[in-house]
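These notes concern the structure reproduced below.
Protein chains in written order, with this note's numbering: chain A, 3 to 277; chain B, 505 to 737.
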């Protein structure tokens, strides 16, 4: 009797584990930023990829910092992020392989319609920020170590006096939440255009500064180095990366629209990441 | 940078005992807000609990059931409700309370209140109703009789307050929603843990988690030792 039970249990365990192995091969785990996910881009692209390759892509939407950390720990198979400096380090330390530039979008400065800092239409983003700091109007910062936060910090670093004013508020939340808070507090903030377009119909905020080349936002897709971790689905990661830079993938990125406005521009053929 | 639990914990202890300014700032906000909230909520809640236990009126069971149900409402739902009330387009928008410490305090009072009512209600229920009658017949006025009954139920009441405090100092949903997690203003321990984890800064998260754990241990040891002696001075 006892033997019989042991036998049955071990068969069950074997069956379960082999089923899990099969499942593992068909799953690609992608860590990416909230900006690509919240905008709805991945919801449009990934089903197409899943259909042609018969796989399932699990998306983990976090800040760039966390995404790279997850890659470093081998918790995901592939990452798509937008912080060129951190990405360069990530690849140089051997955690990631085959970085490819996928697409870009840009950041914009938004704020209340009344525009107390009088920055509407200023072409230089740094002088706009200086205007906000000088009048000490509320500015909401992501403060969460995300790609957008890093971008914002690098822009403040280029201003004359930096971000040392009392109404500079770090809130440590995602882009959507930061926009909501800025809306509530009638404050300024820097956002990626994708999230802005997705949220603007619900907001009383308005777009104030855009078009400065320093507001450029390049995305890279990086496969996790399978030599660093066991169990990384490197075949799936490669397939996903290949698909994103393929003609089909790039075409779908360029065709993606919210309220008839393009959010992302495919950049697989132009090396924008190293700008 | 391969991290494991042990290394992260050691790093977190270093952060705590090197009196990392940012970390202690967060701890300060947490305690200030929750202390104020619990001190606002305690007295009225206990009085309601007392009334529910001692005063017989029509529909009492419904009120008791209502408070019991409110205890089960998720913190994010309380947060969302308050958000809509305090939002600029909401009925109390003119007060400009959203994303401030007072808003967090309101939220935490709302969270602690039903718990305090229910626990003090059951505390008073376990007191013999004759104690009240005896106190009254011995010439105590209403106010003094209430105090006498409260003394009778002191352990259970203290437990209620500690449970209420434990609930609000550790809740993240409501604080995040209506506090906004603004650094050195509305960032408390739970919202900071949520943030540090999302950034992948686990040491900070663990350090703050340790503070909450130590606090919980302290509170419960205090309660247990008071009980053990059988007195409350």
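C-beta atoms are modelled at their ideal positions from N, C-alpha and C, and glycine is treated no differently. Given the structure is predicted, the values throughout are model-derived calculations rather than measurements.
Would residue 613 of chain B and residue 544 of chain B qualify as a contact pair, given that the criterion is a beta-carbon distance under 8 Å?
Against the second chain, residue 613 of chain B aligns to sequence position 109. Against the second chain, residue 544 of chain B aligns to sequence position 40. Yes; because the gap between Cβ atoms is below 8 Å, this pair is in contact.
If you follow the alpha helix (DSSP H) that residue 635 of chain B is part of, which residue opens it and which one closes it?
The count along the second chain starts at 1 and reaches residue 635 of chain B at position 131. That run of the alpha helix (DSSP H) goes 633–641.
For a cutoff of 8 Å on Cβ pairs, would you count residue 534 of chain B as touching chain A?
Taking the second chain and counting its residues from 1, the one referred to as residue 534 of chain B is at position 30. So, not an interface residue.
So, is the C-beta of residue 611 of chain B closer than 8 Å to a C-beta in chain A?
As a working note, residue 611 of chain B is residue 107 in the second chain. Chain A, which has no Cβ nearer than 8 Å to the Cβ of residue 611 of chain B, makes this no.
Between residue 608 of chain B and chain A, is any beta-carbon pair separated by less than 8 Å?
On the second chain, residue 608 of chain B is found 104 positions in, with the first residue counted as 1. Using a CB distance cut-off of 8 Å, residue 608 of chain B does not count as an interface residue toward chain A.
Residues in its own chain within less than 7 Å of residue 275 of chain A by CB, not counting five upstream and five downstream?
Position 273 of the first chain, counted from the first residue, corresponds to residue 275 of chain A. Only weak support exists for where residue 275 of chain A lies, its pLDDT of 41 falling under 50; the coordinates are left without a value.
CB contact below 8 Å: residue 727 of chain B versus chain A:
Within the second chain, residue 727 of chain B is the residue found at index 223, counting from 1. False, the Cβ-Cβ gap to chain A never drops below 8 Å.
Skipping 5 residues on each side, what residues in its chain have a beta carbon closer than 7 Å to that of residue 154 of chain A?
The count along the first chain starts at 1 and reaches residue 154 of chain A at position 152. Excluding sequence neighbours, residue 154 of chain A sits near 143, 144 and 192.
Pairing CB atoms from the segment 568–579 of chain B with CB atoms from the segment 647–656 of chain B, are three or more of them under 8 Å?
no
What are the partner residues of residue 81 of chain A, as DSSP defines its beta bridges?
Start at 1 with the first residue of the first chain, and residue 81 of chain A comes out as number 79. Residue 81 of chain A is bridged by DSSP to A:33 and A:224.
Out of B:712, B:633, B:511 and B:538, point me to the one whose CA is closest to residue 673 of chain B's CA.
The residue labelled residue 673 of chain B in the question sits at position 169 within the second chain. Distance check between residue 673 of chain B and each of B:712, B:633, B:511 and B:538 places B:538 closest, using alpha-carbon atoms only.
Cβ-heavy atom distance between residue 557 of chain B and the ligand GTP below 7 Å?
No copy of the ligand GTP appears in this structure; indeed no ligand is present at all.
Could you give the distance in angstroms between the alpha-carbon of residue 33 of chain A and the alpha-carbon of residue 68 of chain A?
Indexing the first chain from 1 puts residue 33 of chain A at position 31. Indexing the first chain from 1 puts residue 68 of chain A at position 66. Spanning the two alpha carbons is a distance of roughly 9 Å.
Whole alpha helix (DSSP H) runs in the segment 101–184 of chain A with 4 or more residues, listed along the chain?
Within the segment 101–184 of chain A, the alpha helix (DSSP H) runs of at least 4 residues that lie entirely inside it are, in chain order, 127–136 and 149–159.
Below 7 Å CB to CB, which residues in the same chain sit around residue 201 of chain A once its five sequence neighbours on both sides are set aside?
Locating residue 201 of chain A in the first chain gives position 199, where the first residue counts as 1. Only residues of its own chain outside the window of five on either side were considered, and among them 178 and 181 have a CB closer than 7 Å to the CB of residue 201 of chain A, listed in chain order.
Per-residue burial, residue 525 of chain B [other beta carbons within 10 Å of its own, 16 or more giving buried]:
Position 21 of the second chain holds residue 525 of chain B. By the 10 Å Cβ count, residue 525 of chain B comes out exposed.
Is residue 23 of chain A close to chain B? Criterion is C-beta to C-beta, closer than 8 Å.
As a first step, residue 23 of chain A is located in the first chain; it is residue number 21 there, counting from the start. Only weak support exists for where residue 23 of chain A lies, its pLDDT of 46 falling under 50; the value from the coordinates is given anyway. Not an interface residue.
Give the interface partners of residue 187 of chain A over in chain B, defined as CB-CB distance under 9 Å, in chain order.
Position 185 of the first chain, counted from the first residue, corresponds to residue 187 of chain A. The contacting residues are 592, 600, 602, 603 and 684.
Any idea which residues DSSP pairs residue 259 of chain A with across the strands?
Locating residue 259 of chain A in the first chain gives position 257, where the first residue counts as 1. DSSP lists A:264 as the beta-bridge partner residues of residue 259 of chain A.
List, in chain order, every chain A residue whose beta-carbon is nearer than 8 Å to that of residue 516 of chain B.
One-based indexing of the second chain puts residue 516 of chain B at position 12. Simply none; closest approach about 17 Å.
Out of A:198, A:255 and A:226, point me to the one whose CA is closest to residue 110 of chain A's CA.
Looking up residue 110 of chain A in the first chain gives position 108. Considering only alpha carbons, the answer is A:198.
Helix, strand or coil at residue 572 of chain B according to DSSP, with G and I counted as helix
Position 68 of the second chain holds residue 572 of chain B. Of the three classes helix, strand and coil, the one that applies to residue 572 of chain B here is helix, per DSSP.
Along chain A, in chain order, which residues have C-beta atoms closer than 7 Å to that of residue 719 of chain B?
In the second chain, the residue the question calls residue 719 of chain B occupies position 215. Neighbours of residue 719 of chain B on chain A: none; closest Cβ ~22 Å, over 7 Å.
Given residue 31 of chain A, which residues of its chain have a CB within under 6 Å of its CB, disregarding the five upstream and five downstream residues?
Walking along the first chain from the start, residue 31 of chain A turns up at place 29. Counting only Cβ-Cβ distances below 6 Å, and skipping sequence neighbours, we find 60, 78 and 79.
Residue 530 of chain B in three-state terms, based on DSSP
Position 26 of the second chain holds residue 530 of chain B. Residue state, collapsed to three classes: helix.
Amino acids of chain A, ordered along the chain, whose beta-carbon sits closer than 7 Å to that of residue 703 of chain B
Reading the second chain from its first residue, position 199 is the one you call residue 703 of chain B. Within chain A, the residues near residue 703 of chain B are 65, 67, 68, 146 and 147.
Going along chain B in order, which residues have a C-beta closer than 8 Å to the C-beta of residue 71 of chain A?
By 1-based counting over the first chain, the position of residue 71 of chain A is 69. Chain B residues near residue 71 of chain A: 704.
Sequence-distant residues of its chain with Cβ nearer than 6 Å to residue 251 of chain A (five each side left out)
For the purposes of this step, residue 251 of chain A is taken as the residue at position 249 of the first chain. Spatial neighbours of residue 251 of chain A in its own chain (CB-CB distance under 6 Å, excluding positions within 5 residues in sequence) are listed in chain order as 245.
Short CB-CB distance (under 8 Å) between residue 588 of chain B and chain A
In the second chain, residue 588 of chain B corresponds to position 84, counting from 1. Residue 588 of chain B does not count as touching chain A.
Give a yes or no on whether the C-beta atoms belonging to residue 70 of chain A and residue 57 of chain A are separated by under 8 Å.
Sequence index remark: in the first chain, residue 70 of chain A carries index 68 (1-based). Sequence index remark: in the first chain, residue 57 of chain A carries index 55 (1-based). No, the Cβ-Cβ distance between residue 70 of chain A and residue 57 of chain A is not below 8 Å.
How about residue 687 of chain B: is its C-beta nearer than 8 Å to some C-beta of chain A?
For the purposes of this step, residue 687 of chain B is taken as residue 183 along the second chain, with counting starting at 1. It does: the Cβ of residue 687 of chain B has a partner Cβ on chain A nearer than 8 Å.
In whole angstroms, what separates the C-alpha of residue 24 of chain A from that of residue 235 of chain A?
Indexing the first chain from 1 puts residue 24 of chain A at position 22. Indexing the first chain from 1 puts residue 235 of chain A at position 233. Unreliable placement is indicated for residue 24 of chain A, whose pLDDT of 46 sits below 50; no coordinate value is reported for it.
Would you check if the distance between the CB atom of residue 158 of chain A and the CB atom of residue 164 of chain A is smaller than 8 Å?
Looking up residue 158 of chain A in the first chain gives position 156. Looking up residue 164 of chain A in the first chain gives position 162. Yes; because the gap between Cβ atoms is below 8 Å, this pair is in contact.
Chain A contact residues for residue 699 of chain B, given Cβ-Cβ distances below 7 Å
As a working mapping, residue 699 of chain B is identified with position 195 in the second chain. Residues of chain A passing the Cβ test: 146 and 174.
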